[in-house]
Amino acid sequence: MERFASLIDGLVYTRSRDTKVRLIADYLRDTPNPDRGWALAALAGTLSIATVKSTAIRAMADDRFDPALFRMSRDYVGDTAETVALMWDQLPHLSGTSPPTLGEVIDLLNNASRARAPSLLAELMDRLDADGRYALLKLASGGMRVGISARLAKTAFAQGFNLSVDDVEEVWHALRPPYAELFAWGEGKTERPDPSETAFFRPFMLAHPLDDGTVDLADYAAEWKWDGIRIQIASTGSETRLFSRGGDEVSGAFPEIAAAFKGIGVVDGELLVRGEVQGGEAASFNALQQRLGRKTVTAAMQAEYPVFVRLYDILFDGADDLRAQPWHQRRSRLEAFAATLDPARFDLSAIIEARDFDHLAAIRGGSRDAAIEGVMLKRRNAPYLAGRKVGLWYKWKREPLVADCVMMYAQRGSGKRSSYYSDYTFGCWGADGSLLPVGKAYSGFSDEELKWLDRFVRNNTIARFGPVREVEKSLVLEVAFDAVHESKRHKSGIAMRFPRISRLRRDKPAEEADRVETLKSMIG
Amino acid sequence: MWIDPSRPADRALVTHGHADHARSGHGKVWATPQTLAIMELRYGTEMGTPIAYGDGFEERGVKVSFHPAGHVLGSAQILLEHAGERVVVTGDYKRRADPTCALFEPVPCDVLITEATFGLPVFTHPPIEGEIAKLLAALEANPDGCIAVGAYALGKAQRVIAELRLAGYHEPIYIHGAMQKMCELYEAHGVLLGELVMATGLAKGELKGKIVIAPPSALNDRWARRLPDPVTAMASGWMRVRQRARQKNVELPLVISDHADWNELTETLLELRPSETWITHGRTDALGRWCELHQLKARALDLVGREDEDEG
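Next comes the structure, spelled out in structure tokens:
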């Protein structure tokens, strides 16, 4: 556990990507199984300890510390795990117990009941120093937050054992922590694991934004970009599994899709809700999002929002790997494959027929379907490749809507932003001349702008409610958003979809900000 | 008569030389000889009456005396006695041994006016030996670069240098120009710092494998471009919190503070058991809450101009 803690510590303070990769690679080479496998899982985000939730950590804190002192400390530090790890020094310590190994920690926590978990965690805390406690709590609660992506963790593994990261990626999702087979392969003791008997995730092909560019439609096919949940379906015939963007299995959340899929192979598509409810109403998208996180769903939920998958691409037809083939060949295989599926649950994403790019722009501009986010452009001769590759796929989103709003409240961020007021609630003018909150945003500004906003909040605070500050209603923020919906939960009667700060309008007087009525006219 | 007035005052008692406590422009100043020397260095000639530790004077029936606070060279607590009642103003203080200044002396009192810069239970400053060992280990691991340590020019820089010497490091230590005069002042007051060399104007190659000490503001600035592959270190009590260190682009956080940590603050209160405690700058809310839990009478005293000036 100490080596893992010092790895985490090193990663926290290292800025250079190459140095991070080297630190992880060295650790993975020099640490025995199963510790290194658990560490790799923790860094790649594939470790989940079911018995420890963040509530367990809070319960442990409440048990040991004065709640008021804990809250003040948590507000300052900005991170529950770190606060508990630091405050633990105030407690009397047992001496003479040796620190646990990483493998021991995982075994103990995995075998503990949910009720026993907090006290077990506390016992482990007593055996560690401040760095060890921090690593333990981060490990136990998931989310190491040390600036490592899953991709970087795999890259470090590949580099540590002189493998290609694409070769690692290909089998990664079929393997489970603590990855004994992976290390055996890395050390040259066995061949690469062969997972073809199981239904597992292959990394998605992703798109770059088109921005202001154009493409020649002779080289690129256009289709709609649907506003649902990107999903991959993998089936061996005996087993069918669904995966979300990040490779998380979501079969349990959408059992009707898994049950209806009768093909053998791997396809890529968008999960949508049938009928009027899709898109028009934010609640339906939220319903899909909420199902995403569930292990099981009720029949009532399935009936309320009938889901289906609109297919974009095919990766495997039976055992036949089509990924190296050009898009147009995969497209004809997909059309044939889709024809064999239940039309109530699966259809094809249509190709947009446009004469040229200007014609396509006109079609895109005229699309008012709320389920359409924009247009996808796919290079006709491109293979299906993992990740974002330059020049192959583009997403061309619809222009965002914008409104000028007035900052009303601000709250401190988490993590790197814990000392900054970085979450802003803003409002527009109501019919009676009062400001009504219309949304909340915490992105879209530069680091420089964040510093300025933070200063603005501190210098213009008129009231404090716990971590929230109310500010002088004087700063106009231009807010960009994808759509606006009616909402009964908000006093203003509307809710924005994906709002972000597009500009600071320090030049504009607050009285000239937009009215709620103007936003209501954008509902569509 | 004022203590550490933030605006020019006719008569000022000054606890120590940091800029948020010792301002220029007062009419008459009482402070320790070391603090007066620091004020003279920073502000030019100051009218001042030196008061040695343990000494004092009487003014309109109030007896004023100065006692070691252990914060930086010359730092003092001020004891006021009147009609049998004793009030102590700690100024900034710490309880740990520090080779650059006199050790804090607990002064029994009825009212304690205490600082609370690190008045949150997350702040436990580890023993300084371990932090100095981390610095020396980083130096050894980076023979082709240098370790650039951010430290305040008054107090922290000299303490880090003196502790490095105690740990057996006797190579020349390279300093930023802004620190030279203060280091000379420390030496003149008997704090031995060993061989110091100005880092300014040296070729990159000459700083390889060396320790360079500079004010924190210089480390993320153009000044640092002269350094060969520097590992950025920072000596401050705030380094205890990871995200704080990350925000400041620190790669080697050294938790070294000249302020009392949570345990020192609370243990001092338990030791002195004043009948009343006033909490000045820092986390008045948390220390106040702790007093409440321990049935000690306390209140927060809001002071202006005591934020972000002198970082722990």
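Protein chains in written order, with the working numbering: chain C, 1219 to 1742; chain P, 149 to 460. Even glycine gets a Cβ: it sits at the ideal position worked out from N, Cα and C. The structure presented is a predicted model; accordingly, all values stated were derived computationally and were not measured.
- Within the same chain, Cβ atoms closer than 8 Å to the Cβ of residue 266 of chain P are found at 273, 385, 405, 407, 408, 409, 410, 413, 430, 431, 460, the five residues on either side in sequence being excluded.
- In this chain, residue 405 of chain P is not harboured by any beta strand (DSSP E), its DSSP state being neither H nor E.
- Of all residues in the segment 420-438 of chain P, the ones placed with a Cβ closer than 8 Å to any Cβ belonging to chain C are 431, 433, 434, 437, 438, in chain order.
- Counting only Cβ-Cβ distances below 9 Å, residue 275 of chain P has no contacts in chain C at all, with the closest Cβ about 12 Å away.
- DSSP, reduced to helix, strand and coil, places residue 237 of chain P within a strand of the structure shown.
- The C-beta distance from residue 1594 of chain C to residue 1398 of chain C rounds to 40 Å, too long to meet the 8 Å contact threshold.
- Taking all protein chains in view, the Cβ of residue 1391 of chain C is crowded by 16 or more other Cβ atoms within 10 Å, so the residue is classified as buried.
- For the alpha helix (DSSP H) assignment, the uninterrupted runs of no fewer than 4 residues enclosed by the segment 1396-1426 of chain C are, from N- to C-terminal side, 1398-1404.
- The C-beta of residue 416 of chain P comes no closer than 8 Å to any C-beta of chain C.
- Pairing residue 1461 of chain C with residue 1467 of chain C, the inter-Cα distance amounts to about 4 Å.
- Around the beta carbon of residue 1558 of chain C, fewer than 16 other beta carbons lie within 10 angstroms, which makes this residue exposed.
- Annotation: residue 399 of chain P to residue 1453 of chain C spans about 47 Å, alpha carbon to alpha carbon.
- From the beta-carbon of residue 297 of chain P, no residue of chain C is found nearer than 8 Å; the closest lies around 14 Å away.
- In the DSSP assignment, residue 1387 of chain C falls within the unbroken alpha helix (DSSP H) covering 1383-1390.
- For residue 1596 of chain C, the number of other beta carbons within 10 angstroms of its own is at least 16, and it is reported as buried.
- With at least 16 other beta carbons inside 10 angstroms of its own, residue 165 of chain P counts as buried.
- Taking a cut-off of 8 Å on C-beta distances, the segment 1639-1647 of chain C touches the segment 1686-1702 of chain C, as three or more cross pairs fall below it.
- DSSP, read as helix, strand or coil, puts residue 327 of chain P in helix.
- By the 16-neighbour rule on beta-carbons within 10 angstroms, residue 1578 of chain C is buried.
- Setting aside the 5 residues that flank it on each side, residue 1325 of chain C has no residue in the same chain whose C-beta is closer than 7 Å to its C-beta.
- Under the Cβ distance rule, residue 308 of chain P does not count among the residues neighbouring chain C, no pair being separated by less than 8 Å.
- At least 8 Å separates the CB of residue 1660 of chain C from every CB of chain P.
- Here the segment 1481-1495 of chain C makes contact with the segment 1518-1532 of chain C; the two share three or more CB pairs at distances below 8 Å.
- In the DSSP assignment, residue 214 of chain P is bridged to P:226.
- Contact between residue 217 of chain P and residue 241 of chain P is confirmed by a C-beta separation of about 4 Å, below the 8 Å threshold.
- Flagged as an interface residue toward chain P: residue 1305 of chain C, by a C-beta distance shorter than 8 Å.
- Residue burial annotation: residue 346 of chain P is exposed, with fewer than 16 other C-beta atoms found within 10 angstroms of its C-beta.
- Taking the Cα of residue 1730 of chain C as reference, the smallest distance to any Cα among C:1651, C:1415, C:1707 is reached at C:1651.
- When C-alpha distances from residue 1602 of chain C are compared across C:1226, C:1422, C:1653, the shortest belongs to C:1422.
- Within chain P, not a single residue places a beta-carbon under 7 Å from that of residue 1360 of chain C; the smallest gap is close to 18 Å.
- For a Cβ distance threshold of 8 Å, residue set 397, 399 of chain P lies close to residue 1233 of chain C, ordered along the chain.
- Residue 449 of chain P and residue 333 of chain P have their alpha carbons spaced roughly 34 Å apart.
- Residue 445 of chain P and residue 279 of chain P have their C-alpha atoms some 36 Å from each other.
- Of all residues in the segment 1695-1720 of chain C, none comes within less than 9 Å of chain P when Cβ atoms are compared.
- Cβ proximity to chain C below 8 Å picks out nothing from the segment 348-381 of chain P.
- Close CB contacts of residue 1245 of chain C within its chain, under the 6 Å cut and outside five residues either way in sequence, are with 1225 (chain order).
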